[in-house]
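In the UniProt record's numbering, the protein residues as written are 1 to 410.
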C-alpha cells in the first residue's frame, strides 16, 4: 500500500530553524540554573543540613546530565529536519528536471503520432468523450466520458501503449450503450472495463418504455494480461404514472462481453450483468369504483441477458458469464396490473405479469494450452406477482419465469 505525503521544503526548513532557537533558549536557561542547583549550601553545620544540601545538589547534577542528553537529542532532531528539508528540495528539483525532460521527449511523439511516449492518456470530456491513448512506452489509457444526454453512447476507454492498462469505458446515456473498454498494453497490461448501459427511457404519452442500453465490451489484453470486465446492461424504462403508461415496461439491457485475455497468457474478463426489467404499473381503486393507473406497464419488463465471458489466452481461465437480470415486478398497488369494471358490483383486476428473468451469459473458453473454461452466469429470477385482495375484486396473477443459466465455456 502506497502512502501519499505532501511536504513543502520551505516550511520544514523554517520549522527546523524554530526548533534550533528553542534549543538555544533551553540550553541557556539550564546553564543559568546549573550553579545554584548543583552547589547547594548547607543551612547549618549539623549532619542533617549537610545531608539535605548534598541530596538537592545531587538532584541538580542529575538534572544537568539529563538536560545535556536532551540537548544532544534535540540537536540531532534539528539536524535530521534540516536534512529532510534538503532532501525534499533536491527531490522537487529532480522531479522538475524529469518533468522538463519528459515534456521535451514527449513533444515530438505527441506532434507526430498524437500520443506521448510516457504518460497516461487524458480522460474523456463532454466535448471529446473518448479517453486518450496512453504513452507508447508506458502509460494507462484514459477513461471514457459518462454521458448524460439521451441516446449518447459512452466514451471509449483509451488504449495503453507497450506497458499499461486500458481505460474504462464511460456509461451510456438514456437508451444508449456503454463505452468499450480500452485495450491493454502490447507487452503487458489489462484491458479496461466496459461502461454500463444507460437506463431505458420512461414512457411518455402512453408509449415508449425503453430498453436499457447494452453494456460496453471489456477491453482485450495484450501479450500478457487479463481481459476487461464487460459493462452492466442498463435497467428497463419505467412509466411516469397517470396515463403515461405502456402496456409493456422496458426490458433490461444485455451485459457487455468480457475482454479477451492476453494472447500469450491471461484470463478472460467476466461478462457484464444484465439489466433489471422495468416494473409493471400500479392500480388504485377509487371510492367511486374507478381505477387509477400509476407507474409501470401491464406486463413487467424482461431482465437483460448476461454478457458472454471473455476467452482466455493459451494459458488462462475463461471469463465467467454475466448473471441475467431480474425480471420486473408485477402486481397491484406497488408494481403492475391492469383492470376494468365488468358490472356495478364487480371489478376484475389482472395482476401485471412479472417479467421473465434474463438468460445467464455463457462462460469464456479456457486456454487451449493450459487453463479452465469460465462458468456460465446464473439466470435472473422472474418477476414476482401480487397476492391479496378479495370481495368485489377478482385477481388474476401471473409470475415471470426465471432465466436459464448460461453454459460454461469450452
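Virtual Cβ for every residue (Gly too), placed ideally from N, Cα, C.
Here the alpha carbon of residue 187 sits roughly 23 Å from the alpha carbon of residue 130. Here DSSP, grouped into helix, strand and coil, assigns residue 223 to coil.
A direct Cα-to-Cα measurement between residue 160 and residue 132 gives close to 9 Å. For the pair residue 69 and residue 59, the Cα-to-Cα distance works out to about 15 Å. Residue 181 is positioned such that its CB atom lies closer than 8 Å to that of residue 166.
Between residue 153 and residue 202, the CB-CB gap reaches or exceeds 8 Å. By a beta-carbon distance limit of 8 Å, residue 258 contacts residue 271. Their separation comes to about 5 Å. Residue 134 places its beta carbon less than 8 Å from that of residue 158.
Close CB contacts of residue 221 within its chain, under the 7 Å cut and outside five residues either way in sequence, are with 184, 189, 190, 191, 227, 259, 260, 261, 262, 266 (chain order). With a 10 Å radius around the Cβ and a threshold of 16 neighbouring Cβ atoms, residue 302 comes out buried.
Taking a cut-off of 8 Å for Cβ pairs, the segment 311-321 and the segment 355-375 touch, as three or more such pairs fall below it.
In the DSSP assignment, residue 68 falls within the unbroken alpha helix (DSSP H) covering 47-113. In the DSSP assignment, the residues bridged to residue 188 are 163, 224.
In this structure, residue 151 and residue 169 do not form a Cβ contact; the two beta carbons are roughly 17 Å apart against a cut-off of 8 Å. With at least 16 other beta carbons inside 10 angstroms of its own, residue 143 counts as buried. Using a 10 angstroms sphere on the CB of residue 115, the tally of other CB atoms reaches 16 or more, which defines it as buried. Taking C-alpha positions only, residue 309 is separated from residue 127 by approximately 32 Å. Between the alpha carbons of residue 256 and residue 315 lies a gap of roughly 23 Å. Between residue 249 and residue 213, the C-beta gap is not smaller than 8 Å, which leaves the two residues out of contact. Take the alpha-carbon of residue 120 and the one of residue 105: they are about 15 Å apart. Take the alpha-carbon of residue 234 and the one of residue 118: they are about 36 Å apart. The shortest C-alpha to C-alpha distance from residue 89 to any of 11, 372, 252 is the one to 11. Rounded to the nearest whole angstrom, the CA to CA distance from residue 230 to residue 146 is 15 Å. Using a Cβ distance threshold of 8 Å, residue 326 and residue 381 count as a contacting pair. By the criterion of a C-beta distance shorter than 6 Å, residue 19 is surrounded in its chain by 78, once the five residues flanking it on both sides are discounted. Residue 370 carries a strand assignment under DSSP once its states are collapsed to helix, strand and coil.
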